[in-house]
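Participant: Handing you this structure, nothing more for now.
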Ligand SMILES: Cc1ncc(C[n+]2csc(CCOP(=O)(O)OP(=O)(O)O)c2C)c(N)n1
Ligand SMILES: Cc1ncc(C[n+]2csc(CCOP(=O)(O)OP(=O)(O)O)c2C)c(N)n1
Ligand code: SF4
Ligand code: SF4
Ligand SMILES: [Mg+2]
Ligand SMILES: [Mg+2]
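Residue numbers (my numbering), protein chains in the order written: chain A, 75 to 702; chain B, 75 to 702; chain C, 982 to 1323; chain D, 982 to 1323.
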């Protein structure tokens, strides 16, 4: 249902052109702010802006109405330029109640637009938010912000009066009113949302009608009541031509896995145990069983990974997905996958730690665990996605490595990537790179009586990968397991030299992947004063910051790592071409320690563990400080 | 039952004085080689030698008799000087069957003494060992070694004929015959073993008598038949004065834990799940319940550690012990202990990995796991024992740190330390350092109705340790858990700045331990060409090697780390005083990466993963090579 | 701790912590919390001697709301935490709060072993037949065919029956109640607290956000008299709005019969919570609404057996009696020693 | 794989791998291995379609000795490995070999969930009531008071009864046999292989090194006729050297009775392995030697229920039928898209 929209937006007197803008909707978790944000994002994408989003959920399912603990927010950054972050500061803030106001106001730039639902600013609401006096009246907000006090509850109830909905349901439409108002403010068309409403509530026309009415009411409220004030227009972004959709990281990752399975001609088996923020992968894949996808909700994370190992031994695509605490439980089984040398994908959607930590917040603090969190010498490849849409490609790349080298692969994303969304140029499926998988055929004599000693499960190819012999193949019957194996035959061996040889071989195999992956690319000059080295979800903020300082003529380049183990062959060389190296991470310096240890360079860290992504300003500031 | 032995050893014509000697008993796991070795060790210790041992078990419980898989060995190094290793090469080898011979002969120095039980060198035996021709006859052993073919089976049966034992039991005495012979060879008294026999078989006099007869028969066989050949004498070692016992690492560790409990006035709760080579800790502690020791054999390793966390919350001494794969399973729970800031000991008796790996062999490859094997920013102190007797002190030190800083502590040993034995100067119990533990008393108003908000579970002391409030204390009721906590109150908090603050604080607390531990000591000059940096069980080999090259006038010093996280304050300084640094490890360079990353020095590794300790020669060679 | 000896009279409110309760409005957890606070003062245990241990889940937030000692541990491990706690401190009253996912999925093994060891602890399993905290995936008690976020085409795992499992692993106290049946729930909590040994109580709990109405048949005013049956020790199994129906044994199979028409109470199955063998309790645990049976609530089984926490401490006492309190010098002396003269 | 279609006649020896068997001489595992090799050729399944999955333990070395596909996985996790394997490859015959520690201690939860999901796999639990491989610590089936390396003063955990648990978690096929009763053992293995769904078989196995004689009462020539009773579907429970004793139900309690003296076979309990409700099987699982009962061997329960591996693949088939085979382009088209012109 692709649509090229006619620009049929009435242009009132005062229209101000902007390059980009950031809007945040916030309110009670019951207020439907996520939906409002998503709709606004899609609409902005549809009118041709580049967009980046940042949903922020409370940890509680439904904290008591009106409490700070219950505040849910959704931030959208939309622009006529290509952008990578949801924006540092907010240009327009919609706050549905006092708790939402108090917890979000500090992110609104001074002079920014502030739209509040005045009806919620009663005694109880103010007190729950901890306001001694009413901020709408005590002058603490004006003239600092362009304050719009709107009686959203009353107006919405009026608007939907006809629909015959009860008050509870009527109030559920307030988010539509707020959206309508913001749509008008930024001159966005209502059609996509109207279509959405029609689809979503198709079966309950009265609800559909009410939502429509509320949306329009909000829009017209803007046109009429607010007619005096300015309306803003953000022109289309110049994105490469093609067909786009707006995609979330979790969806892109799931689709990438499905694509990888098809490209390698495998069934996709996901063994997973629900955990925030990784559950969405299980939930998404479960919807697409017609892609020959089998989703197994295991009794725990250990069963999740070991079942995936079983699927791998069976010759299919075994995947497991979890988050920090769940990955911690998989350490022992990862060892089994490493020593049995079976292809396997282990996905860690990182969240705030340690322990249960901050389940709904983002962090990058599981890199150590990914690289070193196992007993014995137990190396495995680690790769990380950099943005929501990047997940689609990274999933395929991870599976390509797993099968070419017969090894488990750890794929890192984080809550910010998984829940965030961005426009994605739909790929030409026919051009996706095939993933060739070879299985040894039946024993030469073809009979089932072939002496299995003729098959050598640890006889390696030029990449040091062992053969992936699949049950059902006559004559290849063999046994593998967690005890050290004899080279070539794979029989149990306690021989000292053999153990050394196997440890070396497993390490060499993983190190050898460096010859199979692209050389590291660099954004900026080959040499310079400072290299910003980043990985994972900090890509957007780092890229934007580096571009900003480059624009000021600074000799700064940006190097973003997809491959964390092994590193690209040319990384050392790149690092040595810069006077200093800055490694921004949402942890206390995990990549930094490894880079220092491996390359003996005095890399500097910019570290933050606050459950939220870097702002561009934070990075720019650090860069400038280092260049002083 | 201390004994000062009269030196009443008959001195025959040819007695050769030696500084030290290494003997290895090897045979089928059913042949009682471990017992022979232990007896020989104790006797040597009793006559005043310094000793070091290396038992080597097969992975199978009882592989079929006579197979290589079933060979069990026990090596004893005894000396008139103080020694730290079981010896690189063997001076005298006792091989009870062909399989034992073929798997051990390469370790016998040329010219060494070789004693074999000829009766086992029949067709079947030779074939099981893979001998085409009989090595006793084909000249492959002579004149290279001093070969003694002894009809041990026949002679033993003769010797015990009177006892009325069946043949199966009679043959069980062959190890005694072999011991007797070696006792004679090295002029050791039989009394301790005779005492041992009397005690062990007290209830079965016929067995006691048979063993005695076999032992003496072997001894007299030496005197008479072998009278011609030489006897060797190793004078007493000059150990510091005092009372000694010969102690195994597992015992020393268990006793150290019991001492720590007593010194801190706590009950000792061990939550453990059996695993080689850590099970002996559970088994040893279970024997000493009168020390107020509670041993809980949990359903798995996760229950083992979480039950210990429960004991810690209850206010007692919670300990869990396992080995690599079991520790991997504890990662998530370790995070809980870190964020709840409870004192806890986690002991890892390392074995060969990855995965199930080489369960009965030694390795040091779990350092990464100890330091980094958890989700999130999750630092905890890591300390390692260097030798069997050192475990007694390290256990107390670990508990001291855990309680002073309210943190879980990871204590590393390995299979080599746990199973090895050495003379131990019994400490003066009254002089052991007390471990002061403070618990906040009842709320001031003393009543049970104290508003619990008056108690602040995360209000820290000068060491940043939080109070250890014990259930049962009125007015201190409080809740802790795995979610991020608010500073001071310990309430659940999702506040970004608070998270950053708590992550920083937990890290600073652990780093601060550096101010509480002794400065790093150095063996040798403060500056020089090379520093050998070691940790854990490689101490003995490294110390011996460094002494050897120092004797040759090399500017080499030795620095052995007990504290791996945090490092002693002065470590960086020490490292910088040497031209180069060598880090020998029984892994592929785990400490090395961390040292390089932290101190940016180009440390060199000597790495070995062969399931066995370093030989002194390997290290000496590497040192000399580096000095070239 | 002398204070703990004098027992000031406490009110339910004294057991409320200072934290705001953060369950969804309408969640069944609220009423369980309310009943727990009601029961607490009646147990005669000083507040500081009570500890609540939970895993992870909505239900597992419970300890934060009780003004006692407590730990919100990690997913599924609460029974193990409680085992260590109770072993070293048998003087404490220990409660384990868990959910159908926490207790039966990831934590099933710990639950099973805690029950068979029969530590003197009380385990309350909030069964809402869904994963609440993670927003609506199916759980081990979700019925076959259940459509959830993780099973859009319906669940294909046979559900577990918490009580059948508890009985299958040697449970000594096994009971069931319902969040909205507050009087009965209160009694069950009290009975659990009074039982010596592991008390396991399943509570039907409504998750009105992700699995609303899962227990309607058992809570609905009009139907509950016919869909549930209250077990009473020594009494016949009678139910129904006008108590005119009963359960009779036909061989080993229970059957629903109408009283009157020649069938008297004496023909019915009589409940015996103290039966040494658990066969009756097991049989009762198999009576399911979907098979046309009223579902029993109340105490299925309550027998006395030795408790792990008592025995582990008995062994310490016995060892101390036999060998005297631990003395390191004595211990050293048991080894073969030798002296090196100076 | 056409070769796999023609079924050459195989002998037990064809199922022996080239690895030396490394159990202790005299270990009960040998005879289980022998029976397995005997049964294999009778199943009509080509060797390459058979997979043995085990955990860790002496018993778990089993797969190394079978010339089929196999994995010696990690401790306790074999049922989970088998679940993934069988789900993606329902055409394979999957066996899980486990021990009383591997299966009931660390692996208890996986065992429980595999059984309730009723995948079409066969789980053989070697019960030697001890940890063999780790050299003699007690296990979940070791009797109370058992002195072992880890319990010098005697075990204080109530032992678990493997069959009670299997029945407590919805087992559809539950059986028991004895290592030395080779004919019976062979039959049980065959029955297990033929059952559709999870077949759970407990085998009494002697560890002659660390727990020798644990099952003497059930294996001893002179006593076994009185200490064990062979279950046969539809037949009365009769036992004894001269088959003169039987089991009668007294209410829900089994009792041993002498035949004759007015008691005829018809008074006895008749076995019904197909009983829809597991109450009978459960009751039988409670008959213990220590309580003066003969211990039942044979098939306790064998009923047909839907199997997880079949259903998970049915959902794939159904989804494909309804929506057609997965097509990424179609998938992309389901989203709100827009075009950017060049
Ligand atoms: C190791 C680990 N795995 C998964 C999770 C995610 N998780 C939290 S609660 C939960 C299940 C909750 O279900 P239940 O126990 O029934 O509690 P409820 O929320 O329904 O009360 C899961 C899967 C976690 N916190 N930790
Ligand atoms: C994670 C882990 N924990 C512990 C062990 C040590 N371990 C190996 S086998 C075993 C128990 C064996 O008992 P059982 O399952 O009864 O098998 P058996 O040897 O008696 O046949 C244990 C505790 C291990 N290998 N891995
Ligand atoms: S999600 Fe369900 S169980 Fe959780 S608090 Fe809300 S209503 Fe209760
Ligand atoms: S230890 Fe026991 S179970 Fe293991 S192989 Fe030996 S006899 Fe068999
Ligand atoms: Mg639930
Ligand atoms: Mg066993």
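Glycine included, C-beta positions come from ideal geometry on N, C-alpha and C.
Since the structure is predicted, the reported quantities are computational estimates derived from the model, not experimental observations.
Determine the direct distance from the alpha carbon of residue 464/A to that of residue 1308/D, and round the result to whole angstroms.
Facilitator: Going from the Cα of residue 1308/D to the Cα of residue 464/A covers about 20 Å.
Participant: Could you list the residues in the segment 356-387 of chain A with a C-beta less than 8 Å from some C-beta on chain C, going in chain order?
Facilitator: Cβ contacts with chain C come from 356, 357, 360, 361, 363, 369, 371, 373, 374 and 375.
Participant: Taking the alpha-carbon of residue 598/A as reference, which of 290/A, 651/A and 343/A has the nearest alpha-carbon?
Facilitator: Cα-wise, what sits closest to residue 598/A is 651/A.
Participant: Indicate whether the contact test is met: 3 or more Cβ pairs, each with one atom in the segment 342-358 of chain B and one in the segment 415-424 of chain B, closer than 8 Å.
Facilitator: Yes, since at least three Cβ pairs between the segment 342-358 of chain B and the segment 415-424 of chain B fall closer than 8 Å, the two stretches touch.
Participant: So, with DSSP's three-state summary, where would you put residue 484/B?
Facilitator: Three-state result, residue 484/B: strand.
Participant: Straight-line CA distance for residue 302/A to residue 125/A?
Facilitator: The predicted position of residue 302/A is uncertain, since its pLDDT is 49 and thus under 50; a value taken from the coordinates is nonetheless stated next. Cα to Cα, the separation comes out at about 28 Å.
Participant: Under a CB-based cut-off of 9 Å, is residue 552/A close to chain D?
Facilitator: By this cut-off, residue 552/A is an interface position.
Participant: Can at least three beta-carbon pairs, one atom from the segment 439-450 of chain A and one from the segment 364-381 of chain A, be found at a separation below 8 Å?
Facilitator: With a cut-off of 8 Å, the segment 364-381 of chain A and the segment 439-450 of chain A do not count as touching, because too few Cβ pairs lie within range.
Participant: Output needed in chain order: residues of the segment 490-504 of chain B with a Cβ under 7 Å from some Cβ in chain C.
Facilitator: For the segment 490-504 of chain B, which is checked against every Cβ of chain C, the residues closer than 7 Å are 500 and 503.
Participant: Using the C-alpha atoms, what's the distance from residue 577/B back to residue 532/B?
Facilitator: Spanning the two alpha carbons is a distance of roughly 13 Å.
Participant: Strictly below 7 Å CB to CB, what residues from chain C border residue 134/A?
Facilitator: What residue 134/A touches in chain C: 1003.
Participant: Under 8 Å, with one C-beta from each stretch per pair, do the segment 1276-1294 of chain D and the segment 1246-1254 of chain D reach the 3-pair mark?
Facilitator: Touching, yes, given that three or more Cβ pairs across the two stretches are closer than 8 Å.
Participant: Given a limit of 9 Å on CB to CB distance, which residues of the segment 1307-1322 of chain C reach chain B?
Facilitator: If the cut-off is 9 Å between Cβ atoms, the segment 1307-1322 of chain C has 1307, 1308, 1309, 1310, 1312, 1313, 1314, 1315, 1316, 1317, 1318, 1319, 1320, 1321 and 1322 near chain B.
Participant: Which residue's Cα is closest to the Cα of residue 227/B: 241/B, 689/B and 216/B?
Facilitator: If we check each option's Cα against that of residue 227/B, 241/B comes out closest.
Participant: Could you pull the DSSP bridge partners for residue 151/B from this structure?
Facilitator: DSSP output for residue 151/B lists 96/B and 126/B as bridge partner(s).
Participant: If the criterion is Cβ atoms closer than 9 Å, does the pair residue 1143/C and residue 1212/C meet it?
Facilitator: No, these two residues do not count as a Cβ contact at 9 Å.
Participant: Residues of chain C with CB closer than 8 Å to the CB of residue 399/A, please, in chain order.
Facilitator: Going along chain C in sequence order, the residues near residue 399/A (Cβ under 8 Å) are 1055 and 1056.
Participant: Measuring only from the beta carbon, is residue 1109/D closer than 8 Å to any heavy atom that is part of ligand 6?
Facilitator: At least one heavy atom of ligand 6 is nearer than 8 Å to the Cβ of residue 1109/D, so yes.
Participant: Where residue 504/B and residue 316/B are concerned, what is the direct C-alpha to C-alpha distance, given to the nearest angstrom?
Facilitator: Between residue 504/B and residue 316/B, the C-alpha separation is close to 15 Å.
Participant: Among 135/A, 132/A and 163/A, whose alpha-carbon lies nearest the alpha-carbon of residue 97/A?
Facilitator: The option with the nearest alpha carbon to residue 97/A is 163/A.
Participant: Using the beta-carbon of each residue, which ones in chain A are nearer than 8 Å to residue 1044/D?
Facilitator: Going along chain A in sequence order, the residues near residue 1044/D (Cβ under 8 Å) are 553 and 555.
Participant: Give a yes or no on contact between the segment 467-486 of chain A and the segment 326-337 of chain A, applying the rule of three or more CB pairs nearer than 8 Å.
Facilitator: The segment 467-486 of chain A is in contact with the segment 326-337 of chain A.
Participant: On the three-state DSSP scale, how would you describe residue 1031/C?
Facilitator: Strand, per DSSP.
Participant: Please tell me whether residue 100/B has its Cβ less than 9 Å away from any Cβ of chain A.
Facilitator: No - not a single Cβ of chain A is within 9 Å of the one on residue 100/B.
Participant: Between residue 1050/C and chain B, is there a C-beta pair that is closer than 9 Å?
Facilitator: Closer than 9 Å: yes.
Participant: According to DSSP, is residue 301/B part of a helix, a strand, or is it coil?
Facilitator: Here residue 301/B scores only 49 on pLDDT, less than 50, and its place in the model is too uncertain to base an answer on.
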